[in-house]
Amino acid sequence: MTFTAVPASAGVYTLGEGPVWDPVRQRLLWVDIVAATVYEGLLDAATGHVEVKGEHVFDGTVGAVAVAADGELIVAGKDALIRVSLDGSRVELARVLPEGVRSRLNDGAVDPAGRFLVGSLAQDDRRGQEVLARLDATGLTYLDTDLGLSNGLAWVDGRLYSVDTTPGTVWAREYDPVSGETGPRREAFTIKEGSPDGMCADADGNLWIANWGRGRVECRTTRGKLLATVETGAPHTSCPVFAGPDLDVLVITTATAGLPDERLAAHPDSGRLFTARVGVRGLPTPYWDSK
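Residue 206 in our numbering sits at position 43 of the sequence shown, and the numbers go up by one each step.
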């Protein structure tokens, strides 16, 4: 089954990523990694249009954002996690990457118990040294230290699924939502065409994975069977999330980064947000436990 997404934003983003739906405040959050900016927007569920209502600008890069129940934000800066209070003040919570390492923080998400997970990517030619880390009340824990490019995260039926973009692998491991205990990592499946990027899950237990390079989001079972595609017309499709009051609008970020002029001319809506209705609903995004 094939769906077609439509452009949903006036703004064009260099490296749009990490959309998050905040149901209490009925707002959409997303980032432009290169612009080091977190955006807040209003989604019109009827039309699928997203209007920017606010932004938070940082130094360096911003890989991901998540929100607490009271509206506070946790932001993955270039190498550290930052709390943004309701009054706009900022406090560094934890440094994830050591000084001097040419990596930056990338995609992140909140687990079912409110812990924040975030991964990294290399900004040089190192291979297999990137991390997936988790922040909770006890501090920082590293779940992986051997990744190529840590990307999308999703929890389905007591398992954590995580994307390693460089080899195209989706990893799976048992994940206790209460204790946070994890089982051994195993390969769930590998995507050989394009590069898997951001990811979310739906209420049926399937994964929706952005495919960077192929201009689409792919719905797959947790064993990798392709069920549906959502075409965006933007080659660098980066991340999906289910949003709206009924969690039935798929919002997709895209990027202009890495596209030569001739490809941008051929795909003029690259870098915009897109939306689509795909006949299923998403899972509620857990709130970050900011305590």
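Every residue gets a Cβ at the ideal spot worked out from N, C-alpha and C, and that includes glycine. Only a predicted model underlies this, so the values are computations on that prediction, with no experimental measurement involved.
Next item on the list: Determine the contact status of T385 and V319, defining contact as a CB-CB distance below 7 Å.
Entry: Here residue 385 corresponds to residue number 222 of the sequence shown, with the count starting at 1. Here residue 319 corresponds to residue number 156 of the sequence shown, with the count starting at 1. Closer than 7 Å, so yes.
Checklist line | Limits of the unbroken beta strand (DSSP E) element including E255 | finding: The count along the sequence shown starts at 1 and reaches residue 255 at position 92. Element bounds for E255: R253 to R258.
Note to self: Along the chain, where does the alpha helix (DSSP H) containing D424 start, and where does it finish?
What the structure shows: Sequence index remark: in the sequence shown, residue 424 carries index 261 (1-based). From DSSP, the alpha helix (DSSP H) with D424 extends over D424 to A429.
Check: Can you tell which of V380, V273, N369 and A428 has its C-alpha closest to the C-alpha of V414?
Finding: The sequence position of residue 414 within the sequence shown is 251, counting from 1. Considering only alpha carbons, the answer is V380.
Notebook entry, point to check: Taking DSSP as the reference, what is the three-state secondary structure of R383?
Noted result: Numbered from 1 along the sequence shown, position 220 holds the residue referred to as residue 383. It is a strand residue.
Checklist line | At least three beta-carbon pairs within less than 8 Å, the region 419 to 432 to the region 210 to 222 | finding: no
Note to self: Buried or exposed, going by whether 16 or more other CB atoms sit within 10 Å of the CB of S342?
What the structure shows: Locating residue 342 in the sequence shown gives position 179, counting from the first residue. S342 should be labelled exposed.
Item checked: contact_flag[the region 173 to 185, the region 400 to 417] where n(CB pairs < 8 Å) is 3 or more -> yes
Check: With a CB to CB cut of under 6 Å and the five nearest residues on each side skipped, what residues in its chain are close to D287?
Finding: Working through the sequence shown from its first residue, we reach residue 287 at position 124. Excluding sequence neighbours, D287 sits near R265.
Check: In whole angstroms, what is the alpha-carbon distance linking A243 and D360?
Finding: On the sequence shown, residue 243 is found 80 positions in, with the first residue counted as 1. On the sequence shown, residue 360 is found 197 positions in, with the first residue counted as 1. In a straight line, the C-alpha of A243 is about 21 Å away from that of D360.
Notebook entry, point to check: What number of angstroms, rounded off, separates the C-alpha of G442 from the C-alpha of E203?
Noted result: As a first step, residue 442 is located in the sequence shown; it is residue number 279 there, counting from the start. As a first step, residue 203 is located in the sequence shown; it is residue number 40 there, counting from the start. When rounded, the distance between both Cα atoms is 26 Å.
Margin query: Taking 6 Å as the limit between beta carbons, can you name the residues of its chain near F166, skipping five residues before and five after?
Written below: Residue 166 sits at position 3 when you count from the first residue of the sequence shown. Contacts found: V393, A439 and V441.
Note to self: Within a Cβ cutoff of 7 Å, which residues of the same chain sit near T395, ignoring the five residues on either side of it in sequence?
What the structure shows: By 1-based counting over the sequence shown, the position of residue 395 is 232. Once the five neighbours on either side are set aside, the close Cβ partners of T395 are A168, G378, R379, I415, T417 and F437.
Note to self: Once the 5 residues before and after R188 are set aside, which same chain residues still bring their CB inside 7 Å of it?
What the structure shows: The residue you call residue 188 lines up with position 25 of the sequence shown. Result list for R188: G234, in chain order.
Note to self: What residue range does the beta strand (DSSP E) around H212 cover?
What the structure shows: Position 49 of the sequence shown holds residue 212. That residue, H212, is in no beta strand (DSSP E); it is neither H nor E in DSSP.
Item checked: Coarse secondary structure for I196, derived from DSSP in three states -> For the purposes of this step, residue 196 is taken as residue 33 along the sequence shown, with counting starting at 1. Of the three classes helix, strand and coil, the one that applies to I196 here is coil, per DSSP.
Check: Which residues bound the beta strand (DSSP E) around F166?
Finding: For this step, residue 166 is matched to residue 3 along the sequence shown. It spans T165 to T167 - the beta strand (DSSP E) in which F166 sits, taken as one unbroken run.
Next item on the list: Could you please give the first and the last residue of the uninterrupted beta strand (DSSP E) stretch that includes T416?
Entry: For this step, residue 416 is matched to residue 253 along the sequence shown. T416 -> beta strand (DSSP E) spans V412 to T417.
Checklist line | Alpha-carbon to alpha-carbon, L422 and L268 | finding: Working through the sequence shown from its first residue, we reach residue 268 at position 105. Working through the sequence shown from its first residue, we reach residue 422 at position 259. In a straight line, the C-alpha of L268 is about 22 Å away from that of L422.
Margin query: Please report the straight-line C-alpha distance between T329 and L284, rounded to a whole angstrom.
Written below: Stepping through the sequence shown from its first residue, residue 329 is reached at position 166. Stepping through the sequence shown from its first residue, residue 284 is reached at position 121. Cα to Cα, T329 sits roughly 10 Å from L284.
Next item on the list: Kindly indicate which residue of D452, L323 and D367 has the alpha-carbon position closest to the one of G346.
Entry: Counting from one through the sequence shown, the residue named residue 346 turns up at place 183. Measuring from the Cα of G346, the nearest candidate turns out to be L323.
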